Structure formats: structure tokens, C-alpha cells
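Its first residue numbered 3, the sequence shown is counted upward by one per residue in the working numbering. Cβ coordinates follow ideal geometry from the N, Cα and C atoms, glycine included. Here the structure is a predicted model, which is why all the values come from computation and not from measurement.
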Amino acid sequence: MKMFSTLSICILVAQLQTSLAQVSIVGAGKKVDPYHYEVVKNGQFRRASVSSAHPLASMVGAAIMEQGGNAFDAGIATQLALAVVYPGAGNIGGGGFLLARQSNGELIGLDYREAAPSKANRDMYLDKNGTVLPALSQFGHLASGIPGTVAGLFATLPYAKLPFKTLIQPAIDLAEKGFVITEKQVSSFNAERENFIKNNSHPVAFVKEGKWHVGDTLVQKDLAATLKRIQNEGAKGFYGGETAKLIVAEMQSGNGIINEEDLMNYTAKLRNPIEFDYRGNHIISFAPPSSGGIIINQMLKMIEKYPVGTFGFQSAKSVQLMVEVERRAYADRAEHMGDPDFWKVPVKTLTSDKYLTERMKDYTSDKAGNSANINAGTIHESEETTHISIMDAQGNMVSITTTLNGGYGCKTVVGGAGFLLNNEMDDFSVKPGVPNMYGAIGGEANAIAPGKRMLSSMTPTLILKNKKPYVVIGTPGGTTIPTSVFQGIVNIIDFNMSAADAINKPKFHHQWLPDMVMIEKDFDASTKKQLMAMGYKLVERDGIGRTEAIRILSDGKKETAADVRGDDSVAGF
Ligand code: GLY
Numbered sequence: 003m004k005m006f007s008t009l010s011i012c013i014l015v016a017q018l019q020t021s022l023a024q025v026s027i028v029g030a031g032k033k034v035d036p037y038h039y040e041v042v043k044n045g046q047f048r049r050a051s052v053s054s055a056h057p058l059a060s061m062v063g064a065a066i067m068e069q070g071g072n073a074f075d076a077g078i079a080t081q082l083a084l085a086v087v088y089p090g091a092g093n094i095g096g097g098g099f100l101l102a103r104q105s106n107g108e109l110i111g112l113d114y115r116e117a118a119p120s121k122a123n124r125d126m127y128l129d130k131n132g133t134v135l136p137a138l139s140q141f142g143h144l145a146s147g148i149p150g151t152v153a154g155l156f157a158t159l160p161y162a163k164l165p166f167k168t169l170i171q172p173a174i175d176l177a178e179k180g181f182v183i184t185e186k187q188v189s190s191f192n193a194e195r196e197n198f199i200k201n202n203s204h205p206v207a208f209v210k211e212g213k214w215h216v217g218d219t220l221v222q223k224d225l226a227a228t229l230k231r232i233q234n235e236g237a238k239g240f241y242g243g244e245t246a247k248l249i250v251a252e253m254q255s256g257n258g259i260i261n262e263e264d265l266m267n268y269t270a271k272l273r274n275p276i277e278f279d280y281r282g283n284h285i286i287s288f289a290p291p292s293s294g295g296i297i298i299n300q301m302l303k304m305i306e307k308y309p310v311g312t313f314g315f316q317s318a319k320s321v322q323l324m325v326e327v328e329r330r331a332y333a334d335r336a337e338h339m340g341d342p343d344f345w346k347v348p349v350k351t352l353t354s355d356k357y358l359t360e361r362m363k364d365y366t367s368d369k370a371g372n373s374a375n376i377n378a379g380t381i382h383e384s385e386e387t388t389h390i391s392i393m394d395a396q397g398n399m400v401s402i403t404t405t406l407n408g409g410y411g412c413k414t415v416v417g418g419a420g421f422l423l424n425n426e427m428d429d430f431s432v433k434p435g436v437p438n439m440y441g442a443i444g445g446e447a448n449a450i451a452p453g454k455r456m457l458s459s460m461t462p463t464l465i466l467k468n469k470k471p472y473v474v475i476g477t478p479g480g481t482t483i484p485t486s487v488f489q490g491i492v493n494i495i496d497f498n499m500s501a502a503d504a505i506n507k508p509k510f511h512h513q514w515l516p517d518m519v520m521i522e523k524d525f526d527a528s529t530k531k532q533l534m535a536m537g538y539k540l541v542e543r544d545g546i547g548r549t550e551a552i553r554i555l556s557d558g559k560k561e562t563a564a565d566v567r568g569d570d571s572v573a574g575f
């Protein structure tokens with residue numbers, strides 16, 4: 003563990019800045035300065051743009067495109083940069099989904115969701131009396147699924163133009179030479195200090211002697227070495243050789259069960275996207291093992307029969323309708339959705355007109371509905387997935403959501419390899435009817451089995467208007483992801499909002515169980531009153547999601563917006 007006094011930090015930063023002047027982190031003439039950067043919330047760009055959770059990652063993605071890469075190159079480089087500059091959710095120890103539309107119209111749905119290790123079993127988080135042990139599925143080694151992100155990056159590579167070595171170099175530079183952390187990261191590292199100490203037997207880069215302060219630089223040498231092995235050996239630099247050895251050794255030092263075969267056998271998979279029309283727009287989203295695409299399909303189709311635009315934004319009428327479709331869609335999530343390789347998800351039925359009309363038969367427009375009478379789950383605050391939206395000058399659209407699940411995943415860093423492992427096993431239904439950390443209930447469809455991928459809510463989404471690229475959108479937020487994307491789409495299509503307004507206006511969330519509507523702090527007061535009079539239980543909470551959106555304006559410019567709830571930032575040219 004490195005210890006620095008304030009003076010030595012200043013000297014170190016000065017030295018790093020000098021050496022960085024010699025080694026550009028992106029390439030000739032396209033420099034990203036990790037010591038001086040700003041959060042940029044909005045921009046209109048003529049050619050290409052990126053919106054992501056951290057300014058440096060967005061800048062890396064844009065610079066890669068300026069250097070000749072396309073949106074897929076930017077997707078790879080931005081994810082790798084996020085793994086360094088946004089350790090709370092950016093990752094190589096987690097997994098995700100990439101949804102893209104190539105300029106020739108071809109769609110790509112790439113699933114690199116984590117998978118349960120071969121030694122996993124359905125009751126692995128229960129004690130001998132059948133009681134759930136949530137600490138085991140949420141913290142430490144046993145909480146981790148087999149990481150999928152690196153396999154996903156290499157499965158994306160055939161669609162990219164630049165060599166992988168070029169795409170990973172900015173991340174290596176950021177890890178090796180460091181970057182100045184943001185004020186929010188200072189608070190976050192300080193708040194997580196005890197968790198990091200508790201869940202790690204090796205020193206970790208996020209813990210230093212004393213507190214972190216604004217202006218401090220984070221250097222991650224072990225992570226840089228891992229990234230270099232991936233640069234030199236490809237996916238084998240992660241799933242085999244030294245990195246795999248370090249992961250397995252880390253597992254053995256705790257109570258983990260991921261072994262070398264699990265790592266060697268992991269593959270990314272292609273999934274056919276969910277597609278449907280909504281008020282003349284074509285919506286494309288992610289299929290199982292994400293629940294997101296089906297849920298937004300159900301919700302949008304259920305509200306399509308109503309003139310939502312005339313109800314008014316966040317009026318009691320529009321919110322009540324949207325809450326009721328959220329309730330119905332999330333009830334289906336709990337019962338019917340899981341990894342399609344292990345469970346037959348009735349996608350066609352769930353999204354059919356007949357079924358959705360039937361679902362709305364008991365809808366009453368002035369009264370709260372009622373979810374089944376099951377114990378409410380507690381909602382965990384941390385929903386640290388992350389999203390990247392990208393469009394390039396050729397017309398490629400790329401929407402990527404990746405995750406470690408909770409903030410900093412299971413909080414365990416692989417000793418000597420410098421990256422955090424996920425706690426994605428908690429996204430399985432560890433016991434039917436018992437809520438997970440997001441309060442989500444599940445059943446047989448999402449029970450744990452070796453090699454199975456846990457049900458996700460990640461909803462990377464694309465919208466075409468008149469068959470042409472229109473919107474790229476997505477967000478983190480655990481189970482709130484589909485409702486955030488749903489509301490973002492309705493705000494753009496029904497309420498004609500700009501991309502920035504569509505993602506930043508106050509949001510609400512209902513997920514069937516617990517039977518309550520979560521609302522953000524600045525939610526409209528009069529609507530709140532009216533909803534309570536109808537019988538809704540409203541619970542105020544912190545920000546819902548951190549959505550990144552790009553929308554093409556009528557003059558062809560890419561209106562690019564980053565969520566105001568975090569350090570999210572845009573870059574483009
Ligand atoms: N870990 C959040 C999700 O996949 O939905």
C-alpha cells in the first residue's frame with residue numbers, strides 16, 4: 003500500500019504530469035489529460051459522441067473515434083477506461099450487455115453477463131435451516147460470478163477498426179500513471195474504506211493511509227499489469243495464465259468457488275434483440291438474460307393505447323398510468339424471466355397485444371392497484387451498474403451497460419491483479435419469494451444453477467425514427483433500470499423533451515413488490531398529493547439511475563446528454 007504526504011502527492015503529480023507529456027494516453031495529437039479535466043453535461047456534436055459515467059472515459063472514447071475508430075472501438079476503449087477511472091462500477095471483473103446497430107442496419111446483441119461457477123448450487127446461500135445468508139451473496143469471494151467483460155470486449159473487436167493494443171493503451175496509461183479522482187470519488191473511497199479493509203487480505207489501491215482528499219491521484223499498478231497481460235495475450239491474458247492464477251488464488255484465500263476451468267470455459271453469447279414499435283418509432287432493446295427489453299416492451303405497449311402526451315408530464319394521470327404498467331411488468335419479471343439457456347422465457351406471449359390488453363383489464367385510472375400480499379423487501383441504496391451511449395459519424399449506434407452489481411461489487415480486489423470482483427450472484431433468486439438487495443423477488447426461472455446467467459435488469463436501448471438512427475439510451479440502477487429507460491423514452495417521444503431534460507427530470511419507480519412508489523426528492527408536490535389520495539404509498543429516495551442519452555436532431559447533430567446525478571460527462575466532435 004502506498005502512503006503519501008500532501009507534499010509528496012504534489013511532487014508525484016508534477017512528475018506524472020511531466021512523464022504524461024511524453025506518453026500521450028490516446029495517441030498523436032489526441033491527448034486526454036488525466037490531471038485536468040471537467041465534467042461536461044451536454045453537447046451537440048456534428049460527427050461522433052460518447053456519454054458515460056466519467057469524463058476521462060468519455061474523452062478516451064471520443065479521442066479514439068477522432069483517431070479513426072468507430073463506435074465499437076470507442077465502446078471497447080471507454081469500457082476499459084471506466085474499469086480504471088470508475089472502479090465503483092466500471093470493470094473487468096464484472097459483466098454486461100452490448101446492443102448495437104451497425105450502419106448497414108444489422109443488429110448485434112452481445113451477452114457477456116457473469117455466469118454461476120460450476121460448483122454453484124441453488125441453495126448455496128442458505129443455512130441448514132433454509133434461511134438466507136445475504137452477506138454471502140453480497141460480499142466477498144462467494145458473491146462473485148465468473149466475470150464476462152473481457153470476453154465481451156474481444157467479441158466486440160470484429161466490429162471495430164483499430165487494433166486492440168491501441169484501444170487498451172489509454173486504460174493502461176490511466177492505471178499506471180494515475181488520474182486525479184473527482185470529489186464524489188473522494189467521498190466514496192473514504193466511505194468504503196472499512197468495507198475494503200474487511201473484504202481484502204492484500205493492500206488495495208483504494209485504501210491509503212489517512213483519508214482521500216480532493217486533488218489526490220489514484221495509481222493502480224497491479225491493474226495496469228493485468229491490462230498489459232490482456233494487451234499482450236488477448237482474452238487469455240485474463241481467462242488463463244497469470245491473471246487466472248491470481249483469481250483462483252484469491253478464491254482459495256476466501257470462500258470462493260471460481261476455478262480455472264470456469265474461467266477458461268466462459269464465452270460471450272449473441273442474443274437476438276427485443277424489437278417493437280412505439281408510436282411510430284422502432285425500439286430495440288436487450289433480450290434475456292436481461293429482463294429489461296421485455297419489461298420496456300410491455301410497459302410501452304400497455305401505455306400506447308392512452309394519449310399520454312396530452313395527460314401532461316408528471317401529472318397524476320400520467321404517473322398513475324405508468325406506475326400501474328410498471329407494477330404489472332415487474333410481476334411478470336419475478337415469475338417468468340431467467341437465463342433463456344436454462345428456462346423457457348415466454349417472450350412472445352409476454353409481449354403480445356392480446357396478453358398486454360388482458361393485463362390492463364383490471365386497471366382503474368383513479369385508484370391505486372394492489373400487489374400480492376408478500377413481505378416487502380428492503381431497498382439497497384447502491385445500484386452501481388454503469389452505461390455508455392455512443393454514436394459515430396458512419397451511423398453506428400452502440401449502447402453498453404456493464405456492472406459489478408453493487409458499488410465496488412463484492413468489495414474484494416483480486417490480490418496482485420488489481421481489479422474488483424462482482425457480487426452478481428445476488429441477482430439470482432437465492433430463495434423463491436425472498437427479495438434480493440434490490441427488493442426484487444424471483445422464483446424457479448432465476449434459481450441458481452452451474453453455468454447459468456443471473457437475471458439482469460440492464461436495458462441498453464436504441465430507437466429508430468423513420469428507420470434511421472434516432473436515440474441511444476441506457477442507465478445503471480438495479481431494478482430501477484427499466485423504469486428509468488421507460489421514462490426517458492416517454493419523455494422524448496410523448497413529451498417532446500430534449501435528451502437532457504428526458505434523463506434529468508425527477509423520476510419514480512414501482513416494481514410490484516414492495517408495493518410502493520419510490521420518488522426522487524424534487525418530484526412534483528401536487529402530483530404527490532393526488533397519488534396519495536388515490537391510495538399509493540410514496541417513498542422518497544436518492545437519485546434513480548444515471549442515464550446517458552444521445553439523440554439525433556433534425557439537422558443531424560448528435561444531442562448528447564450525461565445524467566446530472568453523478569460525474570457523468572459527454573465528449574464528442
Ligand atoms: N446488477 C444489476 C443488473 O444486472 O440488473
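Comparing the CB of residue i with every heavy atom of the ligand GLY, is any distance shorter than 6 Å?
{"i": "M460", "result": "yes"}
{"i": "D175", "result": "no"}
{"i": "T405", "result": "yes"}
{"i": "T549", "result": "no"}
{"i": "G295", "result": "no"}
{"i": "G417", "result": "no"}
{"i": "T529", "result": "no"}
{"i": "T477", "result": "no"}
{"i": "D570", "result": "no"}
{"i": "D341", "result": "no"}
{"i": "D429", "result": "yes"}
{"i": "T643", "result": "Since the first residue of the chain shown is 3 and the last is 575, residue 643 is not available in this structure."}
{"i": "G2", "result": "An answer regarding residue 2 cannot be provided, because it is not within the stretch 3 to 575 covered by the chain."}
{"i": "G71", "result": "no"}
Once DSSP output is grouped into helix, strand and coil, what is the label at residue i?
{"i": "Q46", "result": "strand"}
{"i": "P1", "result": "The chain is shown from 3 up to 575; residue 1 falls before or after that span and cannot be answered."}
{"i": "G142", "result": "coil"}
{"i": "R195", "result": "helix"}
{"i": "H382", "result": "Any reading at H382 must be qualified, since the residue scores a pLDDT of 38, below 50, and its modelled position is unreliable; the value itself is stated next. The answer is coil: DSSP assigns H382 none of H, G, I, E or B."}
{"i": "I66", "result": "helix"}
{"i": "V86", "result": "helix"}
{"i": "A286", "result": "One point to set straight first is that residue 286 is Ile, not Ala, in the sequence displayed. Correct three-state label for I286: strand."}
{"i": "S571", "result": "strand"}
{"i": "T404", "result": "strand"}
{"i": "A91", "result": "coil"}
{"i": "D557", "result": "coil"}
{"i": "T388", "result": "strand"}
{"i": "I78", "result": "helix"}
{"i": "D175", "result": "helix"}
{"i": "T366", "result": "coil"}
{"i": "D355", "result": "helix"}
Output yes or no for whether 7 Å exceeds the beta carbon distance between residue i and residue j.
{"i": "V41", "j": "A59", "result": "no"}
{"i": "L457", "j": "N468", "result": "no"}
{"i": "H477", "j": "T549", "result": "It is worth fixing the name first, because residue 477 is Thr in this sequence and not His. In contact: T477 and T549 (Cβ atoms closer than 7 Å)."}
{"i": "F430", "j": "F47", "result": "no"}
{"i": "N72", "j": "D394", "result": "yes"}
{"i": "D517", "j": "S401", "result": "no"}
{"i": "I546", "j": "H512", "result": "no"}
{"i": "G98", "j": "T529", "result": "no"}
{"i": "P508", "j": "F497", "result": "no"}
{"i": "L169", "j": "D75", "result": "yes"}
{"i": "N44", "j": "A551", "result": "no"}
{"i": "R330", "j": "R281", "result": "no"}
{"i": "G92", "j": "T461", "result": "no"}
{"i": "L464", "j": "M399", "result": "yes"}
{"i": "P172", "j": "V28", "result": "yes"}
Would you list the residues sitting across from residue i in a DSSP beta bridge?
{"i": "R103", "result": "L109, M399"}
{"i": "M393", "result": "S51, M399"}
{"i": "Y114", "result": "G98"}
{"i": "T562", "result": "G45, I552"}
{"i": "V134", "result": "L128"}
{"i": "V182", "result": "T219"}
{"i": "S543", "result": "According to the sequence provided, residue 543 is Arg. The question's Ser does not apply to it. In the DSSP output, where bridge partners are listed per residue, R543 has E522."}
{"i": "I148", "result": "A117"}
{"i": "V415", "result": "L422"}
Using beta carbons (cut-off 7 Å, strictly below), is residue i in contact with chain C?
{"i": "G45", "result": "The structure shown contains no chain C; it holds only a single protein chain."}
(request) Mind listing, in chain order, the continuous beta strand (DSSP E) runs of no fewer than 3 residues lying wholly within the segment 440-524? (result) 463-467, 470-476, 519-522
(request) Just list the beta strand (DSSP E) runs in the segment 220-301, keeping only unbroken ones of 3 residues or longer that don't cross its boundaries, in chain order. (result) 276-280, 283-287
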